[in-house]
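Visitor: Take this structure, written in structure tokens, and hold onto it; I'll ask about it next.
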Amino acid sequence: MYKHRFYPPRSHFLCLLIVLCHSHITTAAPTNVAQLLGIDEYSWNILSIMTTVILSYVAHAVAIRPERTKRLGPTIISYVAALAWPMNGVYDAYSAIYKYFKQDAILYSSPIEFPSKYFRPHLYQDNGTFLKEQLDTLDASGRNSVKNCILNGNVFLGYDDTLSSHRDRYAIKTKDMSICGPGSRCQYQASLHPSSIRFLPPIMIEQLIYQARGIQNNAMGSLLITFIQLAFSSYKIFVEHGNSWGKLILGIYMMMTILQSASRLLLPTQLTVFSLRVPRRVELLFDKTPVQVNMETRTLVGFSPLGTDVSFFTDQNDDQLYIPSFHHSRKGFDPTLCHSSRYGIDSLLGPTKYLTWKDKSHKYNVVFISVALPLLLGIVAGYDQHSTIQWIVLLWILSAFPFLWLTSHLYRPFMCVPSFTYFCCSPSLGVEYFVYVQLMNLVGIGLVISATVLSYIV
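Put into structure tokens, the structure is as follows:
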């Protein structure tokens, strides 16, 4: 019996897209709508630029996957980044699609082994079988809703702590979030990695199973925006006369929006996040733990309600789950249960030991879709033009690569505190990277707008 595997037909799709685009670009006759409407050329160009920005660029920014913590600051920043660099959303969208096809392995079917010396039996048990049994008791709609909530990383842990002013700088405050669940009454929140849900106590798994239904977003608004953008961009690219490099920008935004919408169809997002309550016995242990800052390892000793590692609060849509700081496990749950900084504390088992389903080709697919594919589509626009618009568009595409690297490895808006002024344990680093990212956003928007204006007036 043959096993069917999912292989994205990138090469066939790319060849077909290049042939179709090239045939339409070279043969399409200009359509002078301005004369039909009685609008002069200058006013028509202004109107065309505005409609392009709104119906293509802004439409893409609105259609991206929402920021997971549902905080206003990170949400605005993610929209601005999507407007400037649409390729930046490939990682999240591709990861969501990959999670959809690997959901059982992430949640419970893939065995995860731990060295016994790192664990206390009464705190660490793999309850993957129990999680599966509880999910199977739900109807199809409820089961998918809970699974999607977990896979999106929208399960948080609520806890209370007022012992140290330092914690306000790093913890995610409940009041800044759109949140529900028993942990929503707590003062602070911390995100749980999808692969770690199976290690929660059965009582907390039951909380999640029976209370996390009904918060799923149907994504109809995103789909409507995608159809509007698709119709507008298709008309601009295949029917209306215009600069081929300006059309390439429209094509990039259109493809990235389609990818985002596909990810939201396969793995729907949630209207709010769901918060579990940290068991009281863990909070009591936490209250007795002194707060110390280790500047060499950038960890806060006695900081996390599920451990003592600051990586508990480094929150990202990463598919990797490191095994950090097991020697802190005597304080409570291990920070393994939480998201880990990609370049944060190394695992005691080595940085290549992951508790994950992640495929080695994952990052290469992301880079291909983000940078290589737009450059290949430049063949359609014509590399032999040597025009000002061409150089601006190429600079915009190539500039996205360092931005992608920075946001994926060093700074992600939802990794930082609400004020976005701290990164790890060094406030100065946080300010530097925050300013750098915002300057890069301005550069990206400036390049896109400049190329768009030139494509209509030249």
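Numbering (mature numbering (1 follows the signal peptide of the UniProt record, and there is no 0)) for the sequence shown: -28 to -1, 1 to 430.
Quick reminder that beta carbons are idealized off the backbone N, C-alpha and C, glycines included.
Note that the structure is a prediction, hence the values are computed from the model and not measured.
Please look up how many angstroms separate the CB atoms of Gln106 and Ile177, rounded, as I've assumed it's under 8 Å.
Guide: 6 Å
Visitor: According to DSSP, simplified to helix, strand and coil, what is Cys121?
Guide: helix
Visitor: Under the assumption that Ala65 contacts Ser235 (Cβ atoms under 8 Å), give the Cβ distance between them as a whole number of angstroms.
Guide: Right, their Cβ atoms sit about 4 Å apart.
Visitor: How is the alpha helix (DSSP H) around Ala203 delimited, first residue to last?
Guide: Met192 to Phe210
Visitor: Rounded to whole angstroms, what's the CA-CA distance from Asn17 to Leu243? Just pull it up for me.
Guide: 39 Å
Visitor: In whole angstroms, what separates the C-alpha of Asp108 from that of Ser194?
Guide: Those two C-alpha atoms are separated by around 30 Å.
Visitor: With DSSP collapsed to three states, give me the class of Val187.
Guide: Checking the sequence, you will find Ile at residue 187 rather than Val. Coil, per DSSP.
Visitor: For Asn413, does the count of other Cβ atoms within 10 angstroms reach 16, so buried, or fall short, so exposed?
Guide: Burial state of Asn413 is buried, judged by a 10 Å Cβ sphere holding 16 or more other Cβ atoms.
Visitor: Are the region 223 to 239 and the region 178 to 187 touching by the rule of at least three beta carbon pairs closer than 8 Å?
Guide: no
Visitor: Tell me which same chain residues have a C-beta within less than 7 Å of the C-beta of Val365, skipping the five on either side of it?
Guide: Trp217, Leu220, Ile221 and Ala423
Visitor: Just verifying my parser: in three-state terms, what is the DSSP assignment at Gly130?
Guide: strand
Visitor: When DSSP builds the beta bridges, which residues end up paired with Arg249?
Guide: Gly130
Visitor: Output the distance between the C-alpha atoms of Ile187 and Met149, rounded to the nearest integer angstrom.
Guide: 14 Å
Visitor: Quick check on Gln159: does DSSP put it in helix, strand or coil?
Guide: coil
Visitor: Is Leu164 helix, strand or coil by DSSP?
Guide: DSSP places Leu164 in strand when its eight states are reduced to three.
Visitor: Are the CB atoms of Ala68 and Arg40 within a distance shorter than 8 Å?
Guide: In this structure, Ala68 does not lie closer than 8 Å to Arg40 by Cβ.
Visitor: Using a threshold of 8 Å, state whether the C-beta atoms of Ile417 and Ala112 are closer than that.
Guide: no
Visitor: Using DSSP with H/G/I as helix, E/B as strand and the rest coil, what is Lys74?
Guide: coil
Visitor: Apply the 10 Å Cβ neighbour rule to Leu27 and answer buried if 16 or more other Cβ atoms are within range, or exposed otherwise.
Guide: buried
Visitor: For Val118, which residues in the same chain have their Cβ closer than 8 Å to its Cβ, ignoring the five residues on either side in sequence?
Guide: Apart from the 5 residues on each side of it in sequence, Val118 sits with its Cβ closer than 8 Å to the Cβ of Leu107, Leu110, Leu180, Ile181, Ala184 and Arg185 in its chain, given in chain order.
Visitor: Going by DSSP in three states, Gln97 sits in which element: helix, strand or coil?
Guide: Of the three classes helix, strand and coil, the one that applies to Gln97 here is coil, per DSSP.
Visitor: Could you tell me which of Asn60, Val339, Asn116 and Ile224 sits nearest to Val352, measuring between CA atoms?
Guide: Ile224
Visitor: Could you tell me the alpha carbon to alpha carbon distance between Val420 and Ile361, rounded to whole angstroms?
Guide: Looking at the two C-alpha atoms, the distance is approximately 10 Å.
Visitor: Rounded to whole angstroms, what is the Cα-Cα separation between Leu349 and Val343?
Guide: One Cα belongs to Leu349, the other to Val343, and the distance between them is close to 10 Å.
Visitor: In the DSSP assignment, find the alpha helix (DSSP H) that holds Thr47 and state where it starts and stops.
Guide: Leu44 to Ala56
Visitor: Please name the residue, chosen from Asn189, Tyr160, Pro174 and Ile122, that lies closest to Ile78 on a Cα-to-Cα basis.
Guide: Ile122
Visitor: Helix, strand or coil for Gln179 per DSSP?
Guide: helix
Visitor: Along the chain, where does the alpha helix (DSSP H) containing Glu13 start, and where does it finish?
Guide: Secondary structure note for Glu13: its alpha helix (DSSP H) is the uninterrupted segment Glu13 to Thr24.
Visitor: Along the chain, where does the alpha helix (DSSP H) that runs through Leu172 open and close?
Guide: Annotation: Leu172 is outside any alpha helix (DSSP H) and is labelled neither H nor E by DSSP.
Visitor: Pull up the distance between the alpha-carbon of Thr(-2) and that of Gly214, whole angstroms please.
Guide: Unreliable positioning characterises Thr(-2) in this predicted model, as indicated by a pLDDT of 36, which lies under 50. A coordinate reading is not provided.
Visitor: Could you please give the first and the last residue of the uninterrupted alpha helix (DSSP H) stretch that includes Lys147?
Guide: From DSSP, Lys147 is part of no alpha helix (DSSP H); its letter is neither H nor E.
Visitor: When DSSP labels each residue in this structure, what does Ile341 get in the three-state scheme?
Guide: The answer is helix: DSSP assigns Ile341 an H, G or I state.
Visitor: Which class does Gln106 belong to by DSSP, given the choice of helix, strand or coil?
Guide: DSSP places Gln106 in helix when its eight states are reduced to three.
Visitor: Alpha carbon to alpha carbon, what distance is there between Ala203 and Ala33?
Guide: 17 Å
Visitor: What residues match up with Gln362 in a beta bridge as DSSP calls it?
Guide: Gln362 is not bridged to any residue.
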